[in-house]
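A.B. asks:
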Ligand SMILES: Nc1ncnc2c1ncn2[C@@H]1O[C@H](COP(=O)(O)OP(=O)(O)O)[C@@H](O)[C@H]1O
Ligand SMILES: [Mg+2]
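Numbering (this note's numbering), first residue to last: 52 to 300.
Take a look at the structure:
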C-alpha cells in the first residue's frame, strides 16, 4: 500500500484466549513516519493488538516484528530494554500521582539515561515547554492539572527517551471537544516535530472524526479481523458496510 519503510509487521497473527479467537490471521504493516490509526468498535480487539505490539502478550500463531525484531525471540530483560523504543500515552495519562509534572518527566531520564543533572534538567524543561507546560505548570501535581494538561505531561514523559514509535491508547476518550482537539493537534505536531529523526505514530481509537482528521492510514478492526486498511483520504469512500456504518455514526 505504501512504499515507505516498515516499522511494525504482522504476519499471520492470531491471538486466542483458550478456544476464544480474539485476533484472527492479521497481516498488515505500519509505516515509518506515518500516523496509523487502528479503529474499531468496543470489543474488536484493539487493546489486545496494542499489547502484542508492546510484547506484553505473545501471539498464539504468527509473527510480529517491530523495527525488524521478532518480539517472541526476546528474553524478558531484552524485551524490557526493547520497549524503550516505544513512547506510550495512556488513556488516562497514568502519571505518578505523588510526583510533580517535572518529576514525572524526569523519571525515565533518571532511570534510563546517564545524563548529568544539568543536562537532564535542560531536557525535562525542553520536553515540557515543547508540549506547552510552563515553569508554573511544571511544579504542579497531576491532581492540580486539568485533563488536557495531564495529557501534555504524559506526552512529554512518553517522548523523554526519544522513542521510535509513539503509541496512543484512546487519546481523546473522555475528554471534552476542545481538549480533544488540543490533544489531536498535539499528536500531529509531535509527529511533525520528530519526523527528521523518524517517529512512527500508532493510535488506537473509536473516535472516527478525529481519526479521519489526523491519520495518514486507517485500519478498521472488526471482531479480530482487519476488514479495511486504507490511506485516510480514501477511508470514507470504502464500500465496506461496517466502515460505512462507522463513518456515518
Ligand atoms: N486476557 C483475556 N482473557 C480472555 N479474553 C480476553 C482477554 N483480554 C481481552 N479478551 C477478550 O477479547 C475481546 C477483545 O478485547 P479488547 O482487545 O479489549 O477489545 P477493544 O480494546 O477493542 O475494546 C473481548 O471479547 C474481550 O473480552
Ligand atoms: Mg480497549
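Glycine residues also receive a C-beta, built at the ideal position from the N, C-alpha and C atoms.
Span of the beta strand (DSSP E) holding residue 113?
C.D. replies: Segment 112–117, the beta strand (DSSP E) holding residue 113.
A.B. asks: Would you decide whether residue 246 is buried or exposed? Buried here means 16 or more other CB atoms lie within 10 Å of its CB.
C.D. replies: Residue 246 comes out exposed.
A.B. asks: Helix, strand or coil for residue 153, going by three-state DSSP, please let me know.
C.D. replies: DSSP places residue 153 in helix when its eight states are reduced to three.
A.B. asks: Is there at least one non-hydrogen atom of ligand 1 closer than 8 Å to the beta-carbon of residue 346?
C.D. replies: With the chain represented from 52 up to 300, any question about residue 346 goes unanswered, as that position is not in the structure.
A.B. asks: Are at least three pairs of beta-carbons, each pair with one atom in the stretch 251–261 and one in the stretch 214–222, less than 8 Å apart?
C.D. replies: Contact between the stretch 251–261 and the stretch 214–222 is present, because at least three Cβ pairs lie under 8 Å.
A.B. asks: At a cut-off of 8 Å, would you count residue 124 as near ligand 1, judging by its Cβ distance to the nearest heavy atom?
C.D. replies: Not so, every heavy atom of ligand 1 lies at least 8 Å from the Cβ.
A.B. asks: How would you call residue 224, buried or exposed, if buried means at least 16 neighbouring beta carbons within 10 angstroms?
C.D. replies: Exposed is the call here.
A.B. asks: Reducing DSSP to helix, strand and coil, say where residue 186 ends up.
C.D. replies: Helix at residue 186.
A.B. asks: When the Cα atoms are used, what is the spatial distance from residue 176 to residue 244?
C.D. replies: Whole-angstrom Cα-Cα distance: 17 Å.
A.B. asks: Mark residue 268 as exposed unless 16 or more other C-beta atoms lie within 10 angstroms of its C-beta, in which case mark it buried.
C.D. replies: The residue is buried, with at least 16 neighbouring Cβ atoms inside 10 Å.
A.B. asks: Taking the alpha helix (DSSP H) that residue 172 belongs to, which residues open and close that run?
C.D. replies: Unbroken alpha helix (DSSP H) run through residue 172: 168–181.
A.B. asks: Sorted by chain position, which residues of the same chain lie with C-beta nearer than 7 Å to residue 242's C-beta, five sequence neighbours on each side aside?
C.D. replies: Around residue 242: 86, 250, 252.
A.B. asks: How about residue 122 and residue 133: do their beta carbons lie closer than 9 Å?
C.D. replies: Yes, Cβ-Cβ distance for residue 122 and residue 133 is below 9 Å.
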